[in-house]
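For the record, in the sequence shown the residue sitting at position 81 is 121 according to our numbering, with numbers rising by one throughout. To start, the structure under review is shown below, and the notes come after it.
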Amino acid sequence: MRPEPLSSMVYMLLDRPTLLGMLHGPRSICDPVYRIRIRIMRDTRSLSSHPIHLTHPSLSVGIVYRIRSWGLGLTKEKEQEEGKERLIYAESLRHDLNLGQARVFPIVPEFFQRYDRTAFSKKEKTNVIIESFTLDFRPYPDPSGWKPIVHPEGILYFYNEEKNAVTEANLYNFLYYEKITSDIATLEDFIRARNLRMPEHYTLAMDLNMKPHGAIDTDYYYADHDRKIVFFLDDVEAQTSLPVWSQLKGVTSMAHLKHEIEAQYWYHGVLYPSTIELTAEHVVELRDVILHYLGDMITSHYSTSPYSASELNTMLGQVNNLQKNVGRDSPGAVSLLTRQKFLNWYGVPEVRINRDQSVHGERKHKTLLIKILSPLLFSAPDVHLPALEKMWVDGLMHSPVWREAIGKLNEEWQEFTLYASVLLNANVAYLAVQSIDKNKPGYRSPVQIGCYLSVVASIGSIILGLLLLRQNRTRIHGTMEEVNGFLQARSHPRLGLETLAILYSLPYALLLWGVRMELLRQF
């Protein structure tokens with residue numbers, strides 16, 4: 041069944057800004073480094089030497105955190121070399137539970153290449169004749185076992201009800217059809233050989249990538265609709281497989297990591313909405329999340345909501361209409377904003393309650409640079425730096441907070457530019473008076489020097505103000521991906537955002553220096 045337009049529209053409204061706008065740019069799945077790391081990971085069969093191992097700083101023993109298809113447990117093993125006890129999270133220690141196929145790769149839904157593909161039509165005149173009594177406008181007969189479905193965005197994908205499989209590969213092409221059929225058989229043979237018990241309700245998603253030399257790689261994942269997670273038949277390295285991983289440091293809790301795995305499940309819903317049935321529970325839970333964010337924004341100045349109050353009210357109005365779509369084969373609008381749960385460490389002791397709170401307990405200390413320059417800039421950096429650090433905590437930025445802050449900065453820079461223009465006109469008019477230039481050639485009085493310095497400061501304030509206005513007027517409408525990239529590029533390992541705070545302070549500081557020179561001239 042095709043997705044309902046209303047539910048799909050709201051689904052894209054809720055899910056895509058949350059899952060895409062808050063990220064650094066996702067790495068292309070065609071990245072050869074990614075492919076190499078996947079191959080290295082597959083070759084590493086030993087559980088104790090797997091590269092996904094992470095060590096919690098507060099524990100004296102080594103810790104290995106692993107995601108398993110079949111749940112989590114706790115076991116212990118001895119480290120022979122160090123004589124320490126190692127904790128391993130896994131329900132069952134299957135060292136050989138890896139598909140290990142050279143051309144079949146496990147990836148998360150967010151790395152599927154839907155938005156990276158480019159296909160073009162030739163720009164030429166065509167002449168098409170519609171034959172009489174044409175009732176079927178399909179380009180080709182449906183591939184055996186597969187049903188074509190058109191996504192609300194216009195993407196064509198295919199669903200196989202018998203195999204519980206979905207793919208965007210053009211199965212009208214026999215080469216792709218044969219490849220998908222072969223890879224599904226490979227996965228099924230592996231499941232039967234290992235006697236794995238699959239979830240009752242699941243979907244296999246597959247994506248094909250044509251390599252330059254003609255080989256075809258297959259990317260895959262499974263979506264478990266009961267647990268609301270994605271899983272794989274291979275070990276997956278979190279740091280290369282989860283785009284959001286680079287935004288957080290010190291993640292060790294499986295309960296915490298589960299939020300991101302669930303966020304990937306809902307991104308699967310963005311890609312293939314017809315595979316998830318919208319239920320009343322989904323609608324109620326989504327409404328509860330939106331109402332919580334609305335209440336949080338009213339009662340807290342540092343709410344962790346990724347949306348503004350007006351956006352949340354719009355979403356709430358759409359969600360209230362979703363009850364009509366319950367029971368359809370399109371999950372459409374439901375998104376539990378689980379990416380936010382992962383970013384804010386829900387369900388673990390380090391949870392972030394306010395957006396200005398660091399989960400790492402980091403306290404910023406001013407460096408010698410800003411301590412020296414701040415008095416020279418009339419303490420303006422001391423105002424901008426805390427504001428920037430409260431907005432951008434642990435490498436995270438919220439869209440409404442950024443838009444509000446940049447909007448205020450733009451207004452300030454406009455005012456400073458206007459005041460500097462008035463001051464510049466006054467100084468130029470004063471210098472034009474003949475009576476003040478009665479000194480010898482090459483000599484300038486203190487009054488003239490003060491005017492010249494005021495002119496230079498005013499021009500500097502105008503130029504910097506205009507440049508900052510030009511840059512930030514476009515940046516205010518940028519995605520959070522672009523904003524985070526901008527702040528990351530301006531952040532120094534030792535100085536942090538001090539240089540950016542100093543830059544934002546210059547139009548104000550130069551204006552005050554111009555005023556000060558003007559006042560000194562009069563005494």
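C-beta: ideal position from N, C-alpha, C; glycine also. In this text the structure is predicted, and so the values were computed from the model without any measurement.
From S109 to L273, what distance separates their C-alpha atoms? The predicted position of S109 is uncertain, since its pLDDT is 39 and thus under 50; a value taken from the coordinates is nonetheless stated next. Near 7 angstroms, if we compare the C-alpha coordinates of L273 and S109.
Count the CB pairs spanning the segment 459–466 and the segment 490–509 that are closer than 8 angstroms, and state whether there are at least three. yes
Going by DSSP, which residues form a beta bridge with V433? L436
Looking at the structure shown, is D266 part of a helix, part of a strand, or coil, going by DSSP? coil
Is it the case that the Cβ atoms of V359 and R327 are separated by a distance below 8 angstroms? yes
By how many angstroms is the C-alpha of L417 removed from the C-alpha of L550? 8 angstroms
Select from N353, S398, I503, V323 the residue whose C-alpha is nearest the C-alpha of A363. The amino acid occupying residue 363 in the given sequence is Gln; Ala does not appear at that position. Checked all of N353, S398, I503, V323; the closest Cα to Q363 is V323.
Indicate whether P149 and Q304 have their beta-carbon atoms separated by less than 8 angstroms. yes
Please check the pair L546 and R530, which I expect to be a contact at CB under 8 angstroms, by giving their CB distance rounded to whole angstroms. Rounded, the Cβ-Cβ distance is 14 angstroms, inconsistent with contact.
Residue of W432, V423, P426 minimising C-alpha distance to V399: W432
Inter-residue Cα distance where the pair is I103 and I446: The pLDDT assigned to I103 is 36, lower than 50, so where the model puts this residue is not dependable, and the model offers no usable value.
Per the contact definition of three or more C-beta pairs closer than 8 angstroms, is the segment 204–219 in contact with the segment 235–252? yes
Report the three-state DSSP secondary structure of D156 (helix, strand or coil). coil
Determine the DSSP secondary structure at T519, reduced to helix, strand or coil. coil
Could you tell me which of D434, P415, I256, D182 sits nearest to V291, measuring between CA atoms? D434
Could you check what DSSP says for T292 in three-state terms: helix, strand or coil? coil
What separation, rounded to the nearest whole angstrom, lies between the Cα atoms of V329 and D176? 45 angstroms
State the DSSP-derived secondary structure class of L248, mapped to helix, strand or coil. strand
Starting from P415, trace the alpha helix (DSSP H) both ways and give me its first and last residue. 408–416
Is the Cβ-Cβ distance between R403 and T258 less than 8 angstroms? no
Would you kindly report the start and end of the unbroken alpha helix (DSSP H) that includes V359? 349–360
Local conformation of V323 per DSSP, three classes: helix
Roughly how many whole angstroms lie between the Cα atoms of M337 and S345? 7 angstroms
Pair every Cβ in the segment 267–286 with every Cβ in the segment 300–320, then say whether three or more of these pairs are closer than 8 angstroms. yes
F230, enclosing beta strand (DSSP E) - first and last residue: Note, F230: premise wrong, no beta strand (DSSP E); alpha helix (DSSP H) at 214–233.
Taking T344 as part of the alpha helix (DSSP H), name the residues at either end of that continuous run. Where T344 is concerned, there is no enclosing alpha helix (DSSP H), given that its DSSP letter is neither H nor E.
State the DSSP-derived secondary structure class of H532, mapped to helix, strand or coil. strand
What does a CB cutoff of less than 6 angstroms around Y260 pick up in its chain, not counting 5 residues either side in sequence? M246
Residue closest to S184, alpha-carbon to alpha-carbon, out of P192, E218, T166, S172: E218
Buried or exposed: which applies to Y548, given that a residue is buried once 16 or more other Cβ atoms fall within 10 Å of its Cβ? buried
Would you give the residue range spanned by the alpha helix (DSSP H) that T166 belongs to? Note, T166: premise wrong, no alpha helix (DSSP H); not H, not E.
List the DSSP bridge partners of P283. Answer by DSSP bridge pairing: none, since P283 is not bridged.
State yes or no: is the C-beta of P421 within less than 8 angstroms of the C-beta of I542? yes
Under a Cβ-count criterion, where at least 16 other Cβ atoms within 10 Å of its own Cβ denotes burial, should R237 be classed as buried or exposed? exposed
How is the beta strand (DSSP E) around K404 delimited, first residue to last? Neither: K404 is in no beta strand (DSSP E) and is coded neither H nor E.
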